[in-house]
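**Student:** One structure follows; several queries about it will come next.
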Ligand SMILES: Cc1cc2nc3c(=O)[nH]c(=O)nc-3n(C[C@H](O)[C@H](O)[C@H](O)COP(=O)(O)OP(=O)(O)OC[C@H]3O[C@@H](n4cnc5c(N)ncnc54)[C@H](O)[C@@H]3O)c2cc1C
Ligand code: FES
């Protein structure tokens, strides 16, 4: 092993979460290294749906609703700074979005959820939404099927090209002097307050800050730094159609059109552990709902399908934490790394650069699970 | 480059490639007909509009997408010719609401 390489921050994990934080830290002027395991890892950042989605996030957790809204608000700035830094077009289109309801029951349940979110939002950042009946919705989305009863709408939502986003974050990070090390699984570490050593790829890295953003890998890494990250894999599957001329004016939770013209169909959830095999029954259900929503989809060719694993915190709410035992060590875990990239790059990274999370992040600490488990 | 081997079947099936009649052997693919016709392109890509011709001839590369008898985005290398088949260029992304063609 060669001599230690010194940085001001080590970021573990080069997915959307780690890269957004790494870019934010590099933009703050910190000398950073980003360590990334490689192709054998489960990597949600390469298999997701690409929504920037605030509606329906944070039921019963107003801090999470607010954080998601901050991120949706920060997104146009993030897109602009990535364009300025590396000329990237990540395809951000944020015209608002709809969640389609296919029965009166779905519509009523959705209305309840949206009303609860609006109540919980309070007055400082009000949550504006509308339940839209089928007749009006048909004017917004002309190809809608007869089974659609209505939809919820919020103006905050949108979508991006998630692979372009990941690529742009990496280029912006390295362009700002950051060092990216692929095939560098963190195998061992020595933690001390504001003094960390991390061993990966037969090299030794040291820094006063370490950020654990290794997705599902965080569960094993966090205890080494006096932290915990109770996350589990949750499978989602996606179907992709051939490219078609632009047809949708806005994304929905389960069908969206990419900037290149393909339709992505998705939204499935399965608790199957570390399994990324595709299930025909799940694919059929995704297709069935997509065709009920937009009957023309039945005539399109399917060209691709995949499944990937979400990083699901125990209670569904993101985890951000700092180590009490080893100040300078941080974790970040969430199941909406596309949506939250704006907040990660523009709000979370400056806190980490300053060495301390803001008080508003307290409810995100994994200590919430200790309290609950003890009760 | 695509000269027909002497022992091959005679070209007996007439199809239309971009409106021009071409004779091809029975059992040949629509993509083969496009190559025999000497067309400059079978499609223009959906994103950049680049011209393309059939490439792998075995259903893998999707560079042979064409409008076959009015159906959009058909992999022409996977479709055997039939008398009178109309093979036209796929120009960019298809229209999502285009009615299903009778094929
Ligand atoms: C089907 C599906 C659809 C989704 N749709 C959306 C959506 O529409 N909108 C949205 O906002 N989110 C969506 N998500 C969630 C989003 O993809 C994730 O929240 C996000 O990608 C998580 O990023 P991450 O960086 O935490 O994790 P990952 O992408 O998993 O990255 C973790 C990285 O850490 C590395 N790593 C792991 N262990 C180690 C180690 N020991 N040492 C070094 N490196 C390590 C891995 O190589 C990997 O690159 C979806 C997810 C799925 C699966
Ligand atoms: S030529 Fe490659 S798929 Fe038809």
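Chains as they are written, first to last, in the numbering used here: chain A, 108 to 482; chain B, -17 to 85.
No residue lacks a Cβ here, since even glycine has one placed at the ideal position from N, Cα and C.
Per DSSP, which one or two residues make a beta bridge with residue 311(A)?
**Tutor:** 306(A)
**Student:** Relative to ligand 2, what is the chain-ordered list of residues with a Cβ closer than 7 Å to any of its non-hydrogen atoms?
**Tutor:** Close to ligand 2, as judged by a C-beta nearer than 7 Å to any of its heavy atoms, are the residues 13(B), 36(B), 37(B), 38(B), 39(B), 40(B), 41(B), 42(B), 43(B), 44(B), 45(B), 46(B), 57(B), 58(B), 59(B), 60(B), in chain order.
**Student:** Under a CB-based cut-off of 7 Å, is residue 306(A) close to chain B?
**Tutor:** no
**Student:** Identify the contact partners of residue 267(A) in chain B, using a Cβ-Cβ distance below 7 Å as the criterion.
**Tutor:** Residues of chain B passing the Cβ test: none, with the nearest at roughly 17 Å.
**Student:** Between the C-alpha atoms of residue 325(A) and residue 143(A), what's the straight-line distance to the nearest angstrom?
**Tutor:** 12 Å
**Student:** Using a Cβ-Cβ cut-off of 8 Å (strictly less than) and excluding sequence neighbours within five positions of residue 229(A), which residues of its own chain qualify?
**Tutor:** 169
**Student:** Compile a chain-ordered list of the residues in the stretch 359 to 385 of chain A whose CB is closer than 7 Å to at least one CB of chain B.
**Tutor:** 367, 368
**Student:** Within the chosen definition, does the stretch 242 to 253 of chain A reach the stretch 174 to 190 of chain A through at least 3 CB pairs nearer than 8 Å?
**Tutor:** no
**Student:** Count Cβ pairs between the stretch 430 to 440 of chain A and the stretch 289 to 307 of chain A that sit closer than 8 Å; are there 3 or more?
**Tutor:** Contact between the stretch 430 to 440 of chain A and the stretch 289 to 307 of chain A is present: 3 or more CB-CB pairs across the two stretches fall below 8 Å.
**Student:** When you compare only the Cα positions, how much space is there between residue 302(A) and residue 263(A)?
**Tutor:** Computed Cα separation, rounded: 40 Å.
**Student:** To the nearest angstrom, how far is the alpha carbon of residue 338(A) from that of residue 160(A)?
**Tutor:** 21 Å
**Student:** Beta carbons nearer than 7 Å to chain A: which residues of the stretch 66 to 77 of chain B have them?
**Tutor:** Listed in sequence order: 75, 76, 77.
**Student:** Should the stretch 272 to 283 of chain A be called in touch with the stretch 406 to 425 of chain A, which here means at least 3 C-beta pairs below 8 Å?
**Tutor:** no
**Student:** Which class does residue 208(A) belong to by DSSP, given the choice of helix, strand or coil?
**Tutor:** Strand at residue 208(A).
**Student:** Mind reading off the beta-carbon distance from residue 363(A) to residue 266(A)? Whole number of angstroms is fine, and I expect it under 8 Å.
**Tutor:** 5 Å
**Student:** Within 10 angstroms of its Cβ, does residue 46(B) collect 16 or more other Cβ (buried), or is it exposed?
**Tutor:** Burial of residue 46(B) is indicated by the presence of at least 16 other C-beta atoms within 10 angstroms of its C-beta.
**Student:** In terms of alpha-carbon separation, which member of 243(A), 293(A), 409(A) lies closest to residue 44(B)?
**Tutor:** 409(A)
**Student:** How is residue 487(A) classed by DSSP in three states: helix, strand or coil?
**Tutor:** Here chain A covers residues 108 to 482 and nothing more, so residue 487(A) does not appear.
**Student:** Could you tell me whether the Cβ atoms of residue 393(A) and residue 375(A) are closer together than 7 Å?
**Tutor:** Less than 7 Å divides the Cβ of residue 393(A) from the Cβ of residue 375(A).
**Student:** Quick check on residue 29(B) - is its C-beta less than 7 Å from some C-beta in chain A?
**Tutor:** yes
**Student:** Taking the continuous alpha helix (DSSP H) assigned at residue 191(A), which residues delimit it?
**Tutor:** 169 to 193
**Student:** Applying a beta-carbon distance threshold of less than 8 Å, which residues of chain A neighbour residue 79(B)?
**Tutor:** 250, 354, 403
**Student:** Which term fits residue 85(B), buried or exposed, when burial requires 16 or more other beta carbons within 10 angstroms of its beta carbon?
**Tutor:** For residue 85(B), the predicted model reports a pLDDT of 41, less than 50, meaning its position is unreliable; a value from the coordinates is still stated below. Exposed, since its Cβ has fewer than 16 Cβ neighbours within 10 Å.
**Student:** Return helix, strand or coil for residue -2(B), following the three-state DSSP convention.
**Tutor:** strand
**Student:** In terms of residue numbering, what span does the alpha helix (DSSP H) encompassing residue 125(A) cover?
**Tutor:** 123 to 134
**Student:** Leaving out the 5 sequence neighbours to the left and right, which residues in its chain are closer than 6 Å to residue 321(A) when beta-carbon positions are compared?
**Tutor:** Counting only residues of its own chain and dropping the five nearest sequence neighbours on each side, residue 321(A) has a CB closer than 6 Å to the CB of 119, 120, 328.
**Student:** Output, in chain order, the set of chain B residues within a Cβ distance shorter than 8 Å of residue 440(A).
**Tutor:** Per Cβ cutoff of 8 Å: no residues; residue 440(A) is ~35 Å from chain B at best.
**Student:** Taking residue 432(A) as the reference, which of 323(A), 211(A), 469(A), 332(A) has the closest Cα?
**Tutor:** 332(A)
**Student:** Would you call residue 206(A) buried or exposed, if buried means 16 or more other Cβ atoms sit within 10 Å of its Cβ?
**Tutor:** Buried is the call here.
**Student:** Kindly list the residues whose CB is nearer than 8 Å to the CB of residue 288(A), restricted to its own chain and excluding five residues on each side of it in sequence; keep chain order.
**Tutor:** Excluding sequence neighbours, residue 288(A) sits near 140, 141, 142, 143, 307, 308, 310.
**Student:** Say yes only if the C-beta of residue 417(A) is nearer than 6 Å to one or more non-hydrogen atoms of ligand 1, and no if none qualify.
**Tutor:** Yes, since a heavy atom of ligand 1 falls inside the 6 Å radius drawn around the Cβ of residue 417(A).
**Student:** In chain order, what residues of the same chain lie with their CB nearer than 6 Å to the CB of residue 68(B), ignoring the 5 residues before and after it?
**Tutor:** -2, 51
**Student:** How is the beta strand (DSSP E) around residue 437(A) delimited, first residue to last?
**Tutor:** 436 to 440
**Student:** Going along the chain, which residues of its own chain have a beta-carbon closer than 8 Å to the beta-carbon of residue 164(A), five neighbours each way excluded?
**Tutor:** Taken in chain order, the residues that qualify are 171, 172, 175, 443, 446.
**Student:** Let me know if residue 482(A) comes out buried or exposed under the rule of 16 or more other beta-carbons within 10 Å of its beta-carbon.
**Tutor:** Residue placement at residue 482(A) is flagged as unreliable, the pLDDT there being 48, under the threshold of 50; a coordinate-derived value is accordingly withheld.
**Student:** Please report whether the beta-carbon of residue 124(A) lies at a distance below 7 Å from any beta-carbon of chain B.
**Tutor:** Not one chain B Cβ lies under 7 Å of residue 124(A).
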